[in-house]
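A.B. asks:
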Amino acid sequence: MATMIAADIPYTADEIPTVKTEIRRGTIALREEVTAFIEHQATLSPTERARLPIFFVSGFNFLKEECASIGHTDTVLDWLPRAIEMVLLTESGPSGTFPKVGADGMLTEPETETDDSSLWTQIGRFFVDVTEYVRNAFQVTGRLPRLPHAYIMTLIHFQRMFQKNENKTEQNFTLMCNIPNLMQHYITQALGAHNVPANYIKRGSDLEYHQF
13 MATMIAADIP YTADEIPTVK TEIRRGTIAL REEVTAFIEH QATLSPTERA
63 RLPIFFVSGF NFLKEECASI GHTDTVLDWL PRAIEMVLLT ESGPSGTFPK
113 VGADGMLTEP ETETDDSSLW TQIGRFFVDV TEYVRNAFQV TGRLPRLPHA
163 YIMTLIHFQR MFQKNENKTE QNFTLMCNIP NLMQHYITQA LGAHNVPANY
213 IKRGSDLEYH QF
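Residue numbers (my numbering): 13 to 224.
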């Protein structure tokens with residue numbers, strides 16, 4: 013039977029110091045992974061404007077949710093949007109489409125006439141962006157990268173969104189549960205089975221591997 017990661021686990025008082033440490037760890041990992049995503053784009057496609065991966069916004073918002081759940085403020089996390097904006101500015105120049113911080117501290121992407129922010133559209137972009145992250149890192153470094161920390165943060169963020177959705181269906185539940193299998197398929201298709209271990213996503217989806 014398909015199962016989902018437990019997306020909402022209340023923290024005890026004893027766990028809060030560890031959660032704070034993991035928030036900081038996740039913030040640093042997200043900064044490094046989004047920076048690598050942008051820089052690898054610039055290296056491989058120097059004539060194209062670099063863009064942000066969807067896991068920047070979803071990963072950031074996951075970390076803000078974690079902070080809110082324990083009444084914590086992480087100054088490095090709060091500075092992260094500005095830090096990433098500076099990376100994007102360095103690689104591609106000014107942009108009027110950088111995500112904005114809302115009154116609740118969460119990031120929102122600028123709306124456009126063709127904008128579709130539904131969960132399923134975001135999941136589709138998630139497949140594309142994680143595959144691109146892995147493929148580009150492999151092309152630039154010659155090594156298969158560790159699955160980004162942002163993968164598990166975004167996966168939990170999506171599962172929280174799904175659990176709040178009043179129109180859940182069995183078909184959509186199955187899709188949510190199969191995200192790891194589908195991600196393994198897309199990355200294997202992009203790089204070839206000889207370059208991607210069969211347990212690449214399973215290993216990277218291990219909560220103990222990522223702590224969250």
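The beta-carbon is built from N, C-alpha and C at its ideal position, and this holds for glycine as well. Fair warning: this is a prediction, and the values are worked out from it, not measured in the lab.
Would you identify the three-state DSSP class for Tyr221, choosing helix, strand or coil?
C.D. replies: Since pLDDT at Tyr221 reaches only 39, below the 50 mark, its modelled position is unreliable, and no value is offered.
A.B. asks: Taking only the alpha-carbon atoms, compute the straight-line gap between Thr143 and Pro22 and give it to the nearest angstrom.
C.D. replies: Cα-Cα distance, rounded: 32 angstroms.
A.B. asks: Please classify Pro106: is it buried, with 16 or more other beta-carbons within 10 angstroms of its beta-carbon, or exposed?
C.D. replies: The residue in question, Pro106, is exposed, as its Cβ has fewer than 16 Cβ neighbours within 10 Å.
A.B. asks: Under 8 angstroms by Cβ, that's how I've got Val99 and Thr39 pegged, so tell me the actual separation to the nearest angstrom.
C.D. replies: In fact, because the Cβ distance is near 15 angstroms, the residues do not count as touching under 8 angstroms.
A.B. asks: Taking the C-alpha atoms as reference points, what is the distance between Val208 and Ile191?
C.D. replies: Each residue's alpha carbon lies about 17 angstroms from the other.
A.B. asks: Could you name the residues of the same chain whose beta carbon sits closer than 6 angstroms to that of Glu45, not counting the 5 residues immediately before and after it, in chain order?
C.D. replies: Around Glu45: Pro160 and Ala162.
A.B. asks: Would you check if there are 3 or more beta carbon pairs closer than 8 angstroms linking the stretch 113 to 120 to the stretch 167 to 186?
C.D. replies: As far as the Cβ criterion goes, the stretch 113 to 120 does not touch the stretch 167 to 186, which means the pair count is below three.
A.B. asks: Would you report the Cα separation of Gly114 and Pro93, rounded to the nearest angstrom?
C.D. replies: Roughly 12 angstroms between the two C-alpha positions.
A.B. asks: To the nearest angstrom, how far is it from the Cα of Arg155 to the Cα of Ile168?
C.D. replies: Their backbone Cα atoms lie some 27 angstroms apart in a straight line.
A.B. asks: Just verifying my parser: in three-state terms, what is the DSSP assignment at Leu64?
C.D. replies: Three-state result, Leu64: coil.
A.B. asks: Between which two residues does the alpha helix (DSSP H) holding Ser104 run?
C.D. replies: Residues Thr87 to Ser104.
A.B. asks: Identify the continuous alpha helix (DSSP H) that holds Ala42 and give its terminal residues.
C.D. replies: Looking at the sequence itself, residue 42 is Leu, so the reference to Ala does not match. Looking at the DSSP string, the run of the alpha helix (DSSP H) that includes Leu42 is Ile28 to Leu56.
A.B. asks: Count the other CB atoms, across all protein chains shown, that sit within 10 Å of the CB of Thr59; report buried if there are 16 or more and exposed otherwise.
C.D. replies: Exposed, since its Cβ has fewer than 16 Cβ neighbours within 10 Å.
A.B. asks: So, with DSSP's three-state summary, where would you put Leu119?
C.D. replies: Strand, per DSSP.
A.B. asks: Within a Cβ cutoff of 7 angstroms, which residues of the same chain sit near Glu220, ignoring the five residues on either side of it in sequence?
C.D. replies: With a pLDDT of 43 at Glu220, under the threshold of 50, the predicted position of this residue should be treated as unreliable, though the coordinate-derived value follows. So no residue of the chain qualifies.
A.B. asks: For Lys176, which of helix, strand or coil comes out of DSSP?
C.D. replies: Lys176: helix per DSSP, three-state reduction.
A.B. asks: Buried or exposed: which applies to Ala241, given that a residue is buried once 16 or more other Cβ atoms fall within 10 Å of its Cβ?
C.D. replies: Examination of residue 241 is not possible in this model, given that the chain is present from 13 through 224 alone.
A.B. asks: Apart from the five residues just before and just after Gln151, which ones in its own chain have a Cβ nearer than 7 angstroms to its Cβ?
C.D. replies: Leu56, listed in sequence order.
A.B. asks: Closer than 6 angstroms by C-beta to Ile213: which residues in its own chain qualify, once you throw out the five before and the five after it? Chain order, please.
C.D. replies: Counting only Cβ-Cβ distances below 6 angstroms, and skipping sequence neighbours, we find Pro192, Met195 and Gln196.
A.B. asks: Let's see if you can read the secondary structure: which residues bound the alpha helix (DSSP H) around Ile82?
C.D. replies: Element bounds for Ile82: n/a, residue is neither H nor E.
A.B. asks: I'd like to check one pair, Met165 with Phe74: are the Cβ atoms closer than 8 angstroms?
C.D. replies: Result yes, Cβ atoms of Phe74 and Met165 sit closer than 8 angstroms.
A.B. asks: Enumerate in chain order the residues of its own chain whose CB-to-CB distance from Ser104 is below 7 angstroms, with the five nearest sequence positions on each side excluded.
C.D. replies: Correct list, in chain order: Arg61 and Ala62.
A.B. asks: Give the DSSP-derived three-state secondary structure of Val208 in the structure shown.
C.D. replies: DSSP places Val208 in coil when its eight states are reduced to three.
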